[in-house]
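Listed in order, the protein sequences are those of chains R and X.
The first sequence begins at 1 in my numbering and counts up by one.
The second sequence begins at 253 in my numbering and counts up by one.
Beta carbons: idealized from backbone N, C-alpha and C, even for Gly.
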Amino acid sequence: MKMLEIKNLHASIEGNEILRGINLTVNAGEVHAIMGPNGAGKSTLSNILAGRSEYDITQGEVLYKGENLLDFEPEERAQRGVFLAFQYPVEIPGVSNIYLLKAALNAVRKYQGLDVLDAIDFLTLVRSKMDLVQMDEEFLHRGVNEGFSGGEKKRNEILQMALLEPALAILDETDSGLDIDALKIVSEGVNALRSEDRAIVMITHYQRLLDYIVPDFVHVLADGQIVKSGDKSLALELESKGYSWVAEVAPA
Amino acid sequence: MSRMMEFATPFSTLSTSLGQDVGWLTSLRKEASTYFKQHGLPAKKEEDWKYTSLQRLGQVVWEHTSKDSTILAADVEAVKQLDDAYHLVFIDGVYSDVYSEVASLPAGVIALPLSESLDRVEVSTHFGQQAIIDSPGLTALNIMLVSEGAVIILDDNVAIDKPIELVFINTGNTSDLATHLHNVVVLGEGSAVDIVETHIGLTDAAYFANQITEVVLAADSYLKHYVVQQASKAAFHITHLSGKQAKNSIWQTHSVALGGKLARQDLHTQLLGEAAHCVMDGLYLPRGEQHIDNHTRVDHAVPNTTSEELYKGVLDEKGRAVFNGKVVVHQDAQKTDAKQQNANLLLSRRCEIDTKPQMEIYADDVKCAHGSTVGQLDEAQLFFLRARGLTELEARNLLTYAFVSEVIDQVTIPELRQSLTTLVEKSMPAVAATT
């Protein structure tokens, strides 16, 4: 089943064209990695998929499960099963983590026509997901990401993903700022969520993450276009030759 | 003439009596009346009244006697913040024997209406001592026309098992009703009590509440003082709350201002003994065309006293707010530790805040910090919440509540914290729009 189809997507911000015709199809069950140098448009792509409004879509379309994703508000995307793990998760003092988790889960369940979970069932579920990313229960009662280390914030993102069980997960630079131990924990969390009916798109600058979460496909994004696609060996080639190599092979 | 004389006219012909007026009160009234007739209401030229105009207040011919104070028992029950408390209830400015519950007060605690307490030495000693007649404001008017009030007196070393709630209800049965209540709270050495003031208008009626509360804290006493203001949206609600603190005393004030067309609270404490400590927390949430003004002042008069102040405002629609917080560290008040913070969240383009944190420091070995902020909801936080499935309305509401929760979380009576949470949530546009 086609989970995500990006067709000739052009996008600009304040008159600067960032994406110049992206084409990408992601099927259920697949893990795709999108790699690229700084400024290639990686974060723009993930922001547009999640619904940030400051970009102008000048051409093309994005289909999610066959529906026009760009027509949906950010919350409608989330409720339908699209999840963005943020590169820089925000801190929200005054809103406890457990409140956020519950509100997010209930929003999704409501859309799915399910009852909201009672306090005990919810806590049981959250605890099982916290084990997955090795988070202490103490984090539930702190403000969202408030005073969390870089690694704790990223684990918190994966915790949210594990709880919400999205159909399409987009991980934006989830490896950035992680030490090796945190990277392992986060990767194990993501790997545990790999399944036949879920698609994962990882956006990353470094090949390192792909040692832990092995992708089915690797795409190289440069200057707003996907210039090369391949299997996991492409990431290794990129690692040894550097991003300058991409510029050489890219179609003019 | 710095004040507008014509404001005095509607009031100047009035006089009132408080049961059997006693000598000391009669002479105070005379003094107040003379002053008020000369000066009238404060005009905007007064620095402390620069952003808050009493012009409209001065144009109304106020009714000073309640015509009909009928009220349903259920209404009284519904407006109380606390079930588990002693209650003094005032309806349209008149003390209600029926609805007050003070019979079971423990020994060493007195809670009575002012009209039944005029012969008490604590009352004659402290009434009008802090609320200075010849200061700009409505003090003179209050003393001139005072008709009732609450008196709470704790003997030395008395700690009370339950809070005392003062409930001030305007029924709306008498239009343009003015009330001038004057409360006196005296805590003996080492005593402790929680007091909750509930001010509420049951309808949208216009009225004028002009209230003074004078608080005296003896050494080692501890007062937690909550003020929940839900005046009607057409009311002029003006309160003056001032305290004197002896050594080691603690006065914590928590004020939540939701109502009023024009609401003004002056809060003042004098730290007169070493190690005296005060906390001033406040929330104000003007919307529609409400105007809410908070003036606070802390006087650090002796060495080694401390104060902590946090006022937060959420302004929406055409709501206006004024925050003026003054901390004065007197010459001898070395080792003063004073913190003051005012933060404002503006939810619309049409609202307005005038904030003025002030410190006057005349000692050289002190720790003082103050600041004020004015901002809007954070777009990155909003997007994050929406990306997790919350609607824009839910996200805005949640972030707004998060902003005020810092103040609500300081409330230590669980029943009151819950009730304030509900009140604040109800006042939010997002909730109003979804329910």
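Closer than 9 Å, CB to CB, is residue i near chain R or not?
i: residue 641 of chain X; result: yes
i: residue 212 of chain X; result: Any question about residue 212 of chain X goes unanswered here, given that chain X covers just 253 to 687.
i: residue 670 of chain X; result: no
i: residue 533 of chain X; result: no
i: residue 630 of chain X; result: yes
i: residue 679 of chain X; result: no
i: residue 653 of chain X; result: yes
i: residue 633 of chain X; result: yes
i: residue 595 of chain X; result: no
i: residue 487 of chain X; result: no
i: residue 262 of chain X; result: At residue 262 of chain X, the pLDDT of 46 sits below 50, so the modelled position is not reliable; the number obtained from the coordinates is stated separately. Output row for residue 262 of chain X: interface = no.
i: residue 561 of chain X; result: no
So with Cβ pairs under 9 Å, would you call residue i a contact of chain X?
i: residue 64 of chain R; result: no
i: residue 122 of chain R; result: no
i: residue 86 of chain R; result: yes
i: residue 117 of chain R; result: no
i: residue 160 of chain R; result: yes
i: residue 77 of chain R; result: yes
i: residue 29 of chain R; result: no
i: residue 143 of chain R; result: yes
i: residue 199 of chain R; result: no
i: residue 227 of chain R; result: no
i: residue 90 of chain R; result: yes
i: residue 173 of chain R; result: no
i: residue 111 of chain R; result: yes
i: residue 252 of chain R; result: The pLDDT assigned to residue 252 of chain R is 45, lower than 50, so where the model puts this residue is not dependable; a value taken from the coordinates is nonetheless given after this. No, its Cβ sits nowhere closer than 9 Å to a Cβ of chain X.
i: residue 24 of chain R; result: no
i: residue 69 of chain R; result: no
i: residue 273 of chain R; result: This structure leaves residue 273 of chain R out entirely; chain R is present only between 1 and 252.
i: residue 238 of chain R; result: no
i: residue 140 of chain R; result: no
Determine the chain R residues that contact residue i at a beta-carbon separation under 8 Å, and present them in chain order.
i: residue 657 of chain X; result: 94
With residue i as the anchor, note down where its alpha helix (DSSP H) starts and where it stops.
i: residue 148 of chain R; result: No alpha helix (DSSP H) holds residue 148 of chain R; DSSP gives it neither H nor E.
i: residue 290 of chain X; result: 275–291
i: residue 2 of chain R; result: Counting along the chain, residue 2 of chain R falls outside any alpha helix (DSSP H), though it belongs to the beta strand (DSSP E) covering 2–13.
i: residue 130 of chain R; result: 119–132
i: residue 229 of chain R; result: Where residue 229 of chain R is concerned, there is no enclosing alpha helix (DSSP H), although the beta strand (DSSP E) it sits in stretches over 225–230.
i: residue 323 of chain X; result: No alpha helix (DSSP H) holds residue 323 of chain X; DSSP gives it neither H nor E.
i: residue 707 of chain X; result: The question about residue 707 of chain X has no answer here: the residues shown for chain X are numbered 253 through 687.
i: residue 677 of chain X; result: 666–678
i: residue 310 of chain X; result: 307–311
i: residue 49 of chain R; result: 42–50
i: residue 633 of chain X; result: 631–639
Go to residue i, then tell me how far its beta strand (DSSP E) extends in each direction, as first and last residue.
i: residue 548 of chain X; result: 543–552
i: residue 338 of chain X; result: 338–343
i: residue 346 of chain X; result: 346–353
i: residue 20 of chain R; result: 16–27
i: residue 610 of chain X; result: 604–613
i: residue 297 of chain X; result: Neither: residue 297 of chain X is in no beta strand (DSSP E) and is coded neither H nor E.
List, in chain order, every chain X residue whose beta-carbon is nearer than 8 Å to that of residue i.
i: residue 100 of chain R; result: 637 and 640
i: residue 133 of chain R; result: The contacting residues do not exist; residue 133 of chain R stays about 16 Å from chain X at best.
i: residue 74 of chain R; result: 635, 638 and 639
i: residue 104 of chain R; result: 640, 641 and 642
For residue i, return the contacting residues in chain C, with the cut-off set at a CB-CB distance below 9 Å.
i: residue 51 of chain R; result: In the structure shown, chain C cannot be found, because the protein chains are R and X.
Run through chain X and tell me which residues come within less than 9 Å of residue i, C-beta to C-beta.
i: residue 107 of chain R; result: 640, 641, 642, 643 and 646
Is residue i near the ligand NAD, going by C-beta to nearest heavy atom under 8 Å?
i: residue 602 of chain X; result: Inclusion of the ligand NAD in the displayed structure is not the case, the ligand content being empty and no account of it being possible.
**Request:** Would you check if the region 49–60 of chain R and the region 15–30 of chain R touch, i.e. whether three or more CB-CB distances between them fall below 8 Å?
**Result:** yes
**Request:** Please list the segments of the alpha helix (DSSP H) lying wholly inside the region 57–108 of chain R, counting only runs of 4 or more residues, in order along the chain.
**Result:** 74–79
**Request:** Ignoring anything shorter than 3 residues or poking outside the region 365–426 of chain X, list the beta strand (DSSP E) runs there in chain order.
**Result:** 402–406 and 416–422
**Request:** Scan the region 428–474 of chain X and note each continuous alpha helix (DSSP H) run of 4 residues or more that stays entirely inside, going in chain order.
**Result:** none
**Prompt:** Do three or more CB pairs link the region 539–551 of chain X to the region 571–584 of chain X at distances below 8 Å?
**Reply:** yes
**Message:** With three or more C-beta pairs closer than 8 Å as the rule, is the region 514–524 of chain X touching the region 549–558 of chain X?
**Reply:** yes
**Request:** Decide if the region 366–382 of chain X is in contact with the region 433–449 of chain X; the criterion is three or more beta carbon pairs, one per stretch, under 8 Å apart.
**Result:** yes
**Item:** Three or more C-beta pairs below 8 Å linking the region 140–155 of chain R and the region 108–115 of chain R
**Value:** no
**Message:** Below 8 Å, how does it come out for the region 74–83 of chain R and the region 130–147 of chain R: are there three or more Cβ pairs, yes or no?
**Reply:** no
**Asked** Counting pairs of beta carbons, one from the region 525–536 of chain X and one from the region 558–566 of chain X, are three or more of them closer than 8 Å?
**Response** yes
**Request:** Spell out a yes or no on whether the region 176–186 of chain R and the region 117–126 of chain R are touching, meaning 3 or more CB-CB pairs, one atom from each, closer than 8 Å.
**Result:** no
**Asked** What are the uninterrupted segments assigned as alpha helix (DSSP H) that are 4 or more residues long and contained completely in the region 135–217 of chain R, given in chain order?
**Response** 150–164, 180–192 and 208–212
**Item:** Cβ pair count under 8 Å reaching 3, the region 317–327 of chain X against the region 417–427 of chain X
**Value:** yes
**Prompt:** If you pair each beta-carbon of the region 346–356 of chain X with each one of the region 385–395 of chain X, do three or more pairs fall below 8 Å?
**Reply:** no
**Runs of beta strand (DSSP E) lying entirely within the region 556–588 of chain X, each at least 3 residues, in chain order** = 558–567 and 572–581
**In chain order, each beta strand (DSSP E) run of at least 3 residues that lies wholly inside the region 509–540 of chain X** = 514–523 and 529–536
**Message:** Quick test of the definition: if touching needs 3 or more C-beta pairs under 8 Å, does the region 636–643 of chain X touch the region 601–608 of chain X?
**Reply:** The region 636–643 of chain X vs the region 601–608 of chain X: no contact.
**Message:** For the region 658–666 of chain X against the region 459–469 of chain X, do three or more pairs of beta-carbon atoms, one drawn from each stretch, fall closer than 8 Å, so that the two count as touching?
**Reply:** no
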